[in-house]
Every structure is written in structure tokens, then in C-alpha cells.
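Asks:
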Amino acid sequence: MSTNPTVQQKCNPWFGISMMLLGLIVGYGLALYFGGDFLPSKQPAPNQPQAQDQQAPELADLVPYDKNVDYAFGNPDAKVILIEYSDIECPFCKRHHPVTKQLVADYGEDLALVLRHFPLNNHPNAKPSAEAAECVGSIAGAAKYWEFIDILFDKGPSVANHLSYALEIGIDENEFTTCVENKTFEERVQRQLSEGAAAGVRGTPGNFVYNTETKESVYVSGAQPIDKFKAVIDEMLK
Numbered sequence: 615m616s617t618n619p620t621v622q623q624k625c626n627p628w629f630g631i632s633m634m635l636l637g638l639i640v641g642y643g644l645a646l647y648f649g650g651d652f653l654p655s656k657q658p659a660p661n662q663p664q665a666q667d668q669q670a671p672e673l674a675d676l677v678p679y680d681k682n683v684d685y686a687f688g689n690p691d692a693k694v695i696l697i698e699y700s701d702i703e704c705p706f707c708k709r710h711h712p713v714t715k716q717l718v719a720d721y722g723e724d725l726a727l728v729l730r731h732f733p734l735n736n737h738p739n740a741k742p743s744a745e746a747a748e749c750v751g752s753i754a755g756a757a758k759y760w761e762f763i764d765i766l767f768d769k770g771p772s773v774a775n776h777l778s779y780a781l782e783i784g785i786d787e788n789e790f791t792t793c794v795e796n797k798t799f800e801e802r803v804q805r806q807l808s809e810g811a812a813a814g815v816r817g818t819p820g821n822f823v824y825n826t827e828t829k830e831s832v833y834v835s836g837a838q839p840i841d842k843f844k845a846v847i848d849e850m851l852k
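In case it helps, the numbering used here puts the sequence shown at residues 615 to 852.
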């Protein structure tokens, strides 16, 4: 008979809870540091490639700017386009929005802004808000699209308010309701999400400074200070 004492392990229910809280704190700290919301590592969006690591994006995979497809804020023929992959419900994107608008104001005809949709799974209003914005754009064009985006960031993306927002900017109720209820742009929003992930976007906002002449791109992750964007844009404009 063995004389070694039997070691009994006791389960401490608070240990698992403590580790979960620690993980949340670390994740939130990383988000604050990088200025963005990140894809949940265990819950990738449907049909979306899952991130393998956090290396720099493969910029060759970025879908080029197309003024006939993308809704540009500013000069659609600008030399430099700031392509932002955004989640309407992301608090960092909300904070970042006036920065991007200010950049267009500062650079005038040399810069335009494009918003592509990257709705995260943990934001239930993000995907329907993106689809609603696309409906507005299809009905009334780029200017109204951007008015609607501004309202979503300013007043909140609650689905219950989408129709009132659309009416506020003069969108036809029947056209808007039909477009939304038929999920006309569900596939487009999903495609932008997948394309963003393929280009290396792992969280929002994910920004590409794109030169329409050279097709060169520089990736700027998160809601960075305006001076960081200006340094990249200035280099692109040389």
C-alpha cells in the first residue's frame, strides 16, 4: 500500500470569476490604448476570416476606392482618400467621426472620406444601422448618406429611430421602409465586412490612407490623434 498522501484539489468558484474579470479589464485596457473596438476572438462575424495574429494588414488586399460605388464625403476626385472601416455603434468610431470630418475640412479638395461598414457582433444596432445608411444613399445619394451617418453617430444608432432619422433628412418613407424591410443591402454590408477583414482590419475604426494616383495605402489603426493622420496624408500629397 502506498504511503504517499492523497492530494485533493478544491474548486474555488471565485477563481474562474476573477480570471474572467481580469480578461475583461485587460481587453478594455488594450482597446483604450489602441483607440478602437476589436473583433471578439471567439466569435468572428459570419463568413468572416478569423484573425490568426495581429500583424500589419496586407494592403494589397484592400479593395480600391471607386467613386462610382463608395459614398465620398468631400471631393470624389481627391488625390487622397481616407477609407474608414467603421462600426456605427462603436464608441471609438463615434469619437473618431469628428476627427475625420475635420481632416476633410482642413485638406479641402485634396482629401475625401469614405466610410465602409465593419459591424461587430457585440453591437446589435451596428449592422441594421449600416443597412439603413445604404438605403438612404441608394435613395438620395452621397450627401444624404452622410447626413444620416452624422445623425446615427450624434443621436445613437437605435433601430427604433432609423425611420424618424430618415424622415428628418427628407427621405421618402415608403422607399426607405421597403428597402430596410427587404434587407436590400444586407449582402453589401456583409461584403464590406469580409473585405475589411481580408485587408487586415481587426477592429474599429480601421483606417486606410489611400493615394488614388499611385494606389499606395497606409494603414492607421484606431481612433488616433489628428496629427498622426496629417503626417501620413502630408506624405501622400508630396
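No residue lacks a Cβ here, since even glycine has one placed at the ideal position from N, Cα and C.
Where does the unbroken beta strand (DSSP E) through Gly-688 begin, and where does it stop?
Replies: Its beta strand (DSSP E) spans residues 686-688.
Asks: In this structure, how does DSSP classify Phe-822 when only helix, strand and coil are distinguished?
Replies: In this structure, Phe-822 counts as strand in the three-state DSSP scheme.
Asks: Would you give the residue range spanned by the beta strand (DSSP E) that Ser-831 belongs to?
Replies: Looking at the DSSP string, the run of the beta strand (DSSP E) that includes Ser-831 is 831-835.
Asks: For Ile-753, which residues of its own chain have a beta-carbon under 8 Å away from its beta-carbon, when the five flanking residues on both sides are left out?
Replies: These residues qualify, in order along the chain: Ile-785, Asp-786, Glu-789, Phe-790, Cys-793.
Asks: Check whether the region 767-782 touches the region 800-819, taking contact to mean three or more Cβ pairs, one atom from each stretch, closer than 8 Å.
Replies: Result no; under three Cβ-Cβ pairs closer than 8 Å.
Asks: With the cut-off set at 8 Å, would you say Asn-689 and Glu-723 are in Cβ contact?
Replies: Taking 8 Å as the Cβ cut-off, Asn-689 and Glu-723 qualify as a contacting pair.
Asks: What are the boundary residues of the alpha helix (DSSP H) that includes His-737?
Replies: Looking at the DSSP string, His-737 is not in any alpha helix (DSSP H), and its letter there is neither H nor E.
Asks: In whole angstroms, give me the CA-to-CA distance for Val-834 and Ala-740.
Replies: Answer to the nearest angstrom: the Cα atoms are 22 Å apart.
Asks: Secondary structure at Ile-785, three-state DSSP: helix, strand or coil?
Replies: Coil.
Asks: How long is the line joining the alpha carbons of Ser-700 and Phe-822, rounded to whole angstroms?
Replies: Rounded to the nearest angstrom, the two C-alpha atoms are 11 Å apart.
Asks: Just to confirm before moving on: does the CB-CB distance between Val-728 and Asp-691 stay below 8 Å?
Replies: No; because the gap between Cβ atoms is not below 8 Å, this pair is not in contact.
Asks: From the DSSP output, in three-state form, read off Ile-702 for me.
Replies: Ile-702: coil per DSSP, three-state reduction.
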